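Visitor: Numbering (UniProt numbering), first residue to last: 1 to 596. This structure is in structure tokens; I'll ask about it shortly.
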Amino acid sequence: MARFQENDLPKAKLDSNSLQKALKIFKYGKNHKWKFILGLVFLLLTSATALAFPKLMGMLVDCVTNKDLDRANEIAVALMGILVLQAVFSFFRISLFVNFTENSLSNIRFALYENLVKLPMSFFSQKRVGELNSRISADISQLQDTFTTTIAEFLRQLILIIGGFVILGNISPKLTLMMLAIVPIVAVAAVIFGRFIRKYGKKTQDKVAESQVIVEETLQGISNVKAFANEWYEIQRYKNKIKEIVKIAIKGGQYRGYFASFIILCLFGCVVAVVWYGITLTIKGEVEGVGDLISFVLYTTFIGASFGGIAEMYAQIQKAVGATERVFELLEESPEDIKGNENRPVIEKIKGNVSFNNVAFSYPSRKEVEVLKDVNFKAEFGQKIAIVGPSGAGKSTISSLLLRFYDITSGEIIIDGKNIYEYDLESLRGNMSIVPQDVILFGGTIRENIAYGKPDATDEEIMLAAKQANALNFVEGFPEKFETLVGERGVKLSGGQRQRIAIARALLKNPSILILDEATSSLDSESEKLVQEALEVLMEGRTSIIIAHRLSTIRNADKILVLDNGRITEEGTHQELINLENGIYKNLSNLQFSNS
């Protein structure tokens, strides 16, 4: 999966609108605003001490001309004092900005995560989760770098440039005009050259990323590589990519060499030019002494370096503004209203009577395609209602609508005599549980995954749920038992084991309405038998909606609905539907049992 790197981040145009959006980020640090203000104070003090340094150095050199040792000692002590103060001010500046930034970003991360997990499924159906996750990581990282370092350095360099020019003008207006004619041109040329080099750096990074993809693909599919005896093919593929990296990196290195030579030539050339012209003005009496000339050279060096750095920092701030805009786009997405209010009071327990009345639905991303059309059915408390049909008929969509992952287009869904929209989502979903075909476990222990259905469950409750789900035997077979780590997404467990953990989780939740979404379709016969036995226990005393592919698992359902092209075309018990001549259910049954 591709990851966003810092160089991939787009830059935002800096205007009043984008800056207003960027400044909104400060509201997340309002409880720490004095740290930011104090940081600015120490930033000003750091800049002031930096500007005092060249002037004092010039005064120290003048002591040589005047042969004034006492004055030289005083200035040397003052210089050491300035350096100590600058070190202290820099410490507090950095510490305060980091403290403000980390606390602010902590609040942003929490607000962003909180809003993300509350967003409706329609949002995630239109976004790539991996890309979303990478983008969030890159944007937050960009904000962290910018607010910790870049903004402070940008302001400091700006102060040094403005303060430096004021002091230079006071020393010698003529020398200042000459410096203005040289330094900015060199600084701009350096920035342009630097951008060109960064492009080569990005090309190298891209090729390195491509080589990493080869490694990742090879290792993930290592069994296929070995089965096809393609080790040498993969080695050669990686070797060719490495050669491309070396070729581009060497070319980039040559340009960096040109750049370094250019900077050295220009920097020392500027110093020579300024010193030469300064000596000329000193001889003519237009500059007071050698000390002022030395100060002038040092201020020129400061300003030249600041010009070069401020352009790069401006680009980083552009990226940060763009990152802020994208973060706020996510923060401003409307979340689901999960908690109850006076119009939708929290209901502790739902009985489980379900009714679909003329329900039609289209996914938000494909509004022109009607997935469900005029769907009608009832499920009384305790009934087992099975839904079957060809792939793409809309079976799983019914479970998504029951859980209110999406809003219906028309019609109504009634639960216990009330419209589904009259329930708050927390109560509604808290009374339902789903066992899907592809169970995704969290990367913790077996205990934690079972307890996900009831976070405050006791050890006895967890063990009982595992026993009822036919999971206790294999769990007890592990050396760590319930503390066994299941691995990322549960990869350390088999499909049947993951299903039984999911059933235990559902049992612990004790839902009124149970949804089984092809819960046994991908299992082998032995695993299916164990899972099916656990499901029978799970379905007792609750309304069960069973979405099935294997018809053998739903023969005992109280009612079977046949869904075809978004419509319920047949309805009845197994025996009633088998007796329908040329019926879809009968054809599906004949096809499955003839194949078996």
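Even glycine gets a Cβ: it sits at the ideal position worked out from N, Cα and C. Note that the structure is predicted; figures quoted are calculated from it, not measured.
May I ask you to report which of helix, strand or coil DSSP gives E571?
Guide: Within the sequence shown, residue 571 is the residue found at index 571, counting from 1. Looking at E571 - three-state DSSP - the assignment turns out to be strand.
Visitor: Per the contact definition of three or more C-beta pairs closer than 8 Å, is the stretch 137–149 in contact with the stretch 267–278?
Guide: Between the stretch 267–278 and the stretch 137–149, the count of Cβ pairs shorter than 8 Å is below three; the stretches do not touch.
Visitor: I'd like the list of long-range same chain contacts for M539, defined as Cβ closer than 7 Å, with 5 residues on each side in sequence excluded.
Guide: Residue 539 sits at position 539 when you count from the first residue of the sequence shown. These residues qualify, in order along the chain: K384 and L514.
Visitor: Check T397 in the structure and name its three-state DSSP category.
Guide: Indexing the sequence shown from 1 puts residue 397 at position 397. Helix, per DSSP.
Visitor: According to DSSP, V359 sits in a beta bridge with which residue or residues?
Guide: Taking the first residue of the sequence shown as position 1, residue 359 is located at position 359. For V359, which the question treats as bridged, DSSP gives the partners V375.
Visitor: Is it the case that the Cβ atoms of I25 and S104 are separated by a distance below 8 Å?
Guide: Counted from its first residue, the sequence shown places residue 25 at position 25. Counted from its first residue, the sequence shown places residue 104 at position 104. A contact, by the Cβ cut-off of 8 Å.
Visitor: How is K349 classed by DSSP in three states: helix, strand or coil?
Guide: The residue given as residue 349 occupies position 349 in the sequence shown. DSSP places K349 in coil when its eight states are reduced to three.
Visitor: Identify every run of the beta strand (DSSP E) within the stretch 393–455, keeping only runs that are complete inside it and at least 3 residues long; order them along the chain.
Guide: Within the stretch 393–455, the complete beta strand (DSSP E) runs of at least 3 residues are 410–415 and 432–435.
Visitor: Which partner residues does T300 have in the DSSP bridge list?
Guide: The count along the sequence shown starts at 1 and reaches residue 300 at position 300. In the DSSP output, where bridge partners are listed per residue, T300 has none listed.
Visitor: If you run the structure through DSSP and keep just helix, strand and coil, what is A12?
Guide: The residue you call residue 12 lines up with position 12 of the sequence shown. Any reading at A12 must be qualified, since the residue scores a pLDDT of 48, below 50, and its modelled position is unreliable; the value itself is stated next. If DSSP states are grouped into helix, strand and coil, A12 belongs with coil.
Visitor: Taking only runs that begin and end inside the stretch 489–571, name each unbroken beta strand (DSSP E) of 3 or more residues, in chain order.
Guide: 513–517, 543–547 and 559–564
Visitor: From the DSSP secondary-structure annotation, give me the bridge partner or partners of V246.
Guide: Here residue 246 refers to the residue found at position 246 of the sequence shown. Answer is none; V246 lacks a bridge partner.
Visitor: By how many angstroms is the C-alpha of T146 removed from the C-alpha of I501?
Guide: Position 501 of the sequence shown, counted from the first residue, corresponds to residue 501. Position 146 of the sequence shown, counted from the first residue, corresponds to residue 146. Their backbone Cα atoms lie some 45 Å apart in a straight line.
Visitor: In chain order, what residues of the same chain lie with their CB nearer than 8 Å to the CB of K207, ignoring the 5 residues before and after it?
Guide: Sequence index remark: in the sequence shown, residue 207 carries index 207 (1-based). Cβ neighbours of K207 beyond the five flanking positions: K241, E244, I245 and I248.
Visitor: How many Å lie between M179 and T300 at the Cα?
Guide: As a first step, residue 179 must be located in the sequence shown, where it is residue number 179. As a first step, residue 300 must be located in the sequence shown, where it is residue number 300. M179 and T300: Cα-Cα distance of roughly 7 Å.
Visitor: If you check the beta carbons only, do P54 and L298 fall under 8 Å apart?
Guide: To locate residue 54, count along the sequence shown from 1; it is residue 54. To locate residue 298, count along the sequence shown from 1; it is residue 298. Going by C-beta atoms, P54 is nearer than 8 Å to L298.
Visitor: I385 lies in the beta strand (DSSP E); which residues open and close that run?
Guide: Counting from one through the sequence shown, the residue named residue 385 turns up at place 385. From DSSP, the beta strand (DSSP E) with I385 extends over K384 to V388.
Visitor: Three or more C-beta pairs closer than 8 Å, one from the stretch 384–398 and one from the stretch 556–569: is that the case here?
Guide: yes
Visitor: Using 8 Å as the cut-off, can you tell me whether the stretch 390–407 makes contact with the stretch 425–432, which would need three or more C-beta pairs spanning the two stretches below that distance?
Guide: Flag = yes, the stretch 390–407 and the stretch 425–432 touch.
Visitor: Pull up the distance between the alpha-carbon of P390 and that of D564, whole angstroms please.
Guide: The residue given as residue 390 occupies position 390 in the sequence shown. The residue given as residue 564 occupies position 564 in the sequence shown. Roughly 7 Å separates the two Cα atoms.
Visitor: Quick one: grab the DSSP three-state call for L464.
Guide: Here the question's residue 464 lines up with position 464 in the sequence shown. DSSP places L464 in helix when its eight states are reduced to three.
Visitor: For a quick check, are the C-beta atoms of I547 and K395 less than 8 Å apart?
Guide: As a first step, residue 547 is located in the sequence shown; it is residue number 547 there, counting from the start. As a first step, residue 395 is located in the sequence shown; it is residue number 395 there, counting from the start. It is a contact, given that the beta carbons lie within the stated cut-off.
Visitor: Measuring CB to CB, does A360 end up less than 8 Å from G411?
Guide: By one-based count along the sequence shown, residue 360 stands at place 360. By one-based count along the sequence shown, residue 411 stands at place 411. Yes.
Visitor: Hey, out of G291, Q316 and L485, whose CA is closest to F154's CA?
Guide: Taking the first residue of the sequence shown as 1, we reach residue 154 at position 154. That would be Q316, whose Cα lies nearest to the Cα of F154.
Visitor: Going by CA-CA distance only, name the one from S125, Y113 and G58 that's closest to N133.
Guide: Here residue 133 refers to the residue found at position 133 of the sequence shown. Among S125, Y113 and G58, the Cα nearest to that of N133 is on Y113.
Visitor: State yes or no: is the C-beta of R489 within less than 8 Å of the C-beta of L441?
Guide: Position 489 of the sequence shown holds residue 489. Position 441 of the sequence shown holds residue 441. In contact: R489 and L441 (Cβ atoms closer than 8 Å).
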